[in-house]
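A short write-up of the structure that comes next.
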């Protein structure tokens, strides 16, 4: 895993917002990825864990929709999470092929360890911002997402 570093002074002064957001997202991801890896968790699991910490027993289809990734991607990630001992699959209806996804105890226990790591990354990213600026940035980014949806 490589450390992604961006020097904002190297970006053109008229750099498009989309590129700045992309660089910021990659920096967020790289920073969190390093912290997760120290606990044996693949970054690809992160979005799925966050959803499952809120609600277990989801079908693969519903989980895919909530995470915002395709069914085949979710299928692959869930298999890897199962092999890592983070989730288990149980039949939704006995004797039918559809299965619901549940966290194992290890998957549940990781929440206490991993969520503070993500909070730390957010804190680092907003270093030097006051509470009003952080709230404003959040509101503006949510408006961008809404506009692009």
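Residue numbers (the numbering used here): 358 to 506. Glycine included, C-beta positions come from ideal geometry on N, C-alpha and C. Every value quoted in this text rests on a predicted model; they were computed, and no experiment measured them.
Cβ contact annotation for residue 438 (same chain, cutoff 6 angstroms, sequence separation greater than five): 402, 444, in chain order.
The C-alpha of residue 494 lies about 14 angstroms from the C-alpha of residue 382. Assignment of beta strand (DSSP E) within the segment 431 to 504, counting only whole runs of 3 or more residues, yields 444 to 448, 456 to 460 in chain order. Contact between the segment 425 to 437 and the segment 469 to 486 is absent, with fewer than three C-beta pairs closer than 8 angstroms. If you draw a straight line from the Cα of residue 490 to the Cα of residue 497, it is about 10 angstroms long. In this structure, residue 478 and residue 385 form a Cβ contact; the two beta carbons are roughly 6 angstroms apart against a cut-off of 8 angstroms.
Shown here, residue 421 sits in a helix according to DSSP, grouped into three states.
Residue 404: member of the alpha helix (DSSP H) spanning 403 to 411, first to last residue.
Residue pairing by DSSP places residue 415 opposite 458 in a beta bridge. In this structure, the straight-line span from the alpha carbon of residue 410 to that of residue 471 is close to 11 angstroms. When the beta-carbon positions are compared, residue 459 and residue 414 come within less than 7 angstroms of each other.
CA-CA distance, residue 464 to residue 505, rounds to 33 angstroms.
Sorting 476, 430, 416 by C-alpha distance to the C-alpha of residue 447 places 416 at the top. In the structure shown, the three-state DSSP call for residue 380 is helix. Selection 430, 461, 387 evaluated against residue 441 yields 461 as nearest (Cα-Cα).
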